[in-house]
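The C-terminal residue of the sequence shown carries number 363 in the numbering used here, and the numbering is unbroken. Data first, discussion second: the structure below is written as structure tokens.
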Amino acid sequence: MRHREAAERTLLTAIAAGASPAVLADALLAAETERAFADTGHSLDFINKAFECLELIGWEHAAALLPTVVGQMVAARGAEETTDWRQPVDLIALCEEAASQLPELFAAGDGVHGWSDHAALARALLGDDPARIVDALKAAIRGGAAPADLSRSLAYGAALRVAHFGNANEQADWETAHHVFTHANAIHQMLKRIGTANIDGHGMAVRGVLHGAMALYLARYLNVPPARIPGEGGEQLDDLPADAEMIRAALLNAFDRQRQVDLAAGLVARHLTLGHSPQALIATLARAVLREDAGFHAYQMLEAGVRQFTAWGNTDEGRHILIAVVRYLAAHSPTERAALQTADIARRLMRGSELHQEVGAS
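Next comes the structure, spelled out in structure tokens:
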């Protein structure tokens, strides 16, 4: 009903009654997914960030923090209000039909254990037939996949969209791929919090996976033709440095120049395939973002990418995720870096230094 005050009161009542973080996450995710891919994924990502913040500062602050996301939730437009989700295929109807079947599907797969086809499902989600994409999700559920398994596959598939982003696309198209990935990561983090205890409620929570899968389907044009992932198909990358520090220095140098997306991706692939420290590489990516006048999306991309890499580790899939991250970041570098100068001025003022000094005659 888009009634902000009523929604805030309901949420505050749940918090005051002692609802657990998992129950609160379930409630907010159920409300959020009443609209498909709301606010191009931002609304769900902000909910996830609120939970991450509480995990850092303590759940005693939940009543002050969680209601701040409600305003965006009630104001957000859903994809069901847009033409491309209705024509030529009614993706909303497809999602709604599948969502109605989810509790029964999860009940059927409840006794099945050992599902681990995350990468295979991710590649199925990159298909060009929305009905077959939904069927792949249903088959995974019947095979024993938990909600968080589905969202992990979705996030990896969304990372591959970014990793294969064609350089011929317009610059603004990066944000389309970015939104799908960060939305998928937010779903994954929320479903991990909810866990697997409430099978009856899975249908509500997993609607976000269905919506994310359709957003991933609609972004398929970004991979026509797909960009090559460096290091694949026997490529050795021997023309790049082998020393870890030299690779990371070359990566920072690549961020100093425009149109170095492919080089940056190759350096990340080289670093990881040689077995160098992923943590050192991630620190270099963080440094590259911090020294730029980076926008909100760059921080989103880095943070989501690191979380998804952690789920996979230094595997082929993990490498693809960090390649996706660096390609996005390199496409948005370099910036003017005026913020660094502002921070330097603030630091000098704080220390009592003079900003302007007369230069004496030599």
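Cβ coordinates follow ideal geometry from the N, Cα and C atoms, glycine included. Every value quoted in this text rests on a predicted model; they were computed, and no experiment measured them.
Beta carbon of residue i nearer than 8 Å to that of residue j
i: Pro148; j: Ala206; result: yes
i: Ala132; j: Leu155; result: no
i: Ala51; j: Val70; result: yes
i: Gly213; j: Val163; result: no
i: Ala265; j: Leu273; result: no
i: Thr183; j: Ala305; result: yes
i: Leu211; j: Cys96; result: yes
i: Tyr300; j: His179; result: no
i: Ala23; j: Gly204; result: no
i: Ala15; j: Ala28; result: yes
i: Ala123; j: Leu92; result: no
i: Leu13; j: Ala64; result: yes
i: Ala331; j: Val262; result: yes
i: Arg157; j: Glu53; result: Reading off the sequence shown, one finds Tyr at residue 157, where the question assumed Arg. Going by C-beta atoms, Tyr157 is not nearer than 8 Å to Glu53.
i: Arg292; j: Arg338; result: yes
i: Ala121; j: Thr177; result: no
Burial state of residue i (16 or more Cβ within 10 Å)
i: Leu350; result: exposed
i: Thr316; result: exposed
i: Ala362; result: Residue placement at Ala362 is poorly supported in this model, since its pLDDT is 46, which falls under 50; the coordinates are not used for a value here.
i: Pro1; result: No answer is possible for residue 1: it lies beyond the span of the chain, which begins at 2 and ends at 363.
i: Asp46; result: buried
i: Gln309; result: buried
i: Gly167; result: exposed
i: Ser152; result: buried
i: Val225; result: exposed
i: Ile230; result: buried
i: Ser101; result: exposed
i: Asp345; result: exposed
i: His62; result: exposed
i: Phe297; result: exposed
i: Ser334; result: buried
i: Leu25; result: buried
i: Val113; result: exposed
i: Ile248; result: buried
i: Gln342; result: exposed
i: Val360; result: Residue placement at Val360 cannot be trusted, given a pLDDT of 47 that sits under 50; what the coordinates show is reported in the next sentence. Exposed: under 16 other Cβ atoms inside 10 Å.
i: Ser44; result: buried
i: Gln259; result: exposed
i: Gly267; result: buried
i: Arg320; result: buried
i: Ile48; result: buried
i: Ala146; result: buried
i: Ile58; result: exposed
i: Gly42; result: buried
i: Gly314; result: exposed
i: Ala243; result: exposed
i: Ala216; result: buried
i: Gly19; result: exposed
i: Ala284; result: exposed
i: Gln88; result: exposed
Integer Cβ distance of residue i from residue j, believed to fall under 8 Å
i: Arg143; j: Leu106; result: 6 Å
i: Leu282; j: Val269; result: 7 Å
i: Ala8; j: Val90; result: At roughly 32 Å, the Cβ-Cβ gap does not stay under 8 Å, so Ala8 and Val90 are not in contact.
i: Ile134; j: Tyr222; result: 15 Å between Cβ atoms; not a contact.
i: Ala109; j: Ala125; result: Contact flag wrong, Cβ pair sits at about 19 Å.
i: Leu241; j: Arg271; result: 5 Å
i: Arg208; j: Thr34; result: 4 Å
i: Asp294; j: Ala228; result: Going by Cβ atoms, the distance from Asp294 to Ala228 rounds to 26 Å, so no, they are not a contact pair.
i: Ala39; j: Arg78; result: 7 Å
i: Trp116; j: Ala141; result: 7 Å
i: Asp150; j: His119; result: 6 Å
i: Ala245; j: Ser278; result: 7 Å
C-beta neighbour in chain B for residue i, strict 8 Å
i: Gly319; result: Reference to chain B is not applicable here, since this structure consists of a single protein chain.
At 3 residues or longer, and completely inside the region 7-31: list those beta strand (DSSP E) runs for me, N to C. none
Could you pull out every unbroken alpha helix (DSSP H) segment of at least 4 residues lying fully inside the region 274-350, listed in chain order? 279-292, 297-313, 317-332
List, from N- to C-terminal side, the beta strand (DSSP E) runs of 3 residues or more that fit wholly inside the region 39-107. none
Secondary structure, alpha helix (DSSP H): runs of 4+ residues fully inside the region 106-130: 119-125
Every unbroken alpha helix (DSSP H) inside the region 230-266 [4 residues or more]: 245-256
Quick one: complete alpha helix (DSSP H) runs, 4+ long, within the region 169-210? 174-195, 203-206
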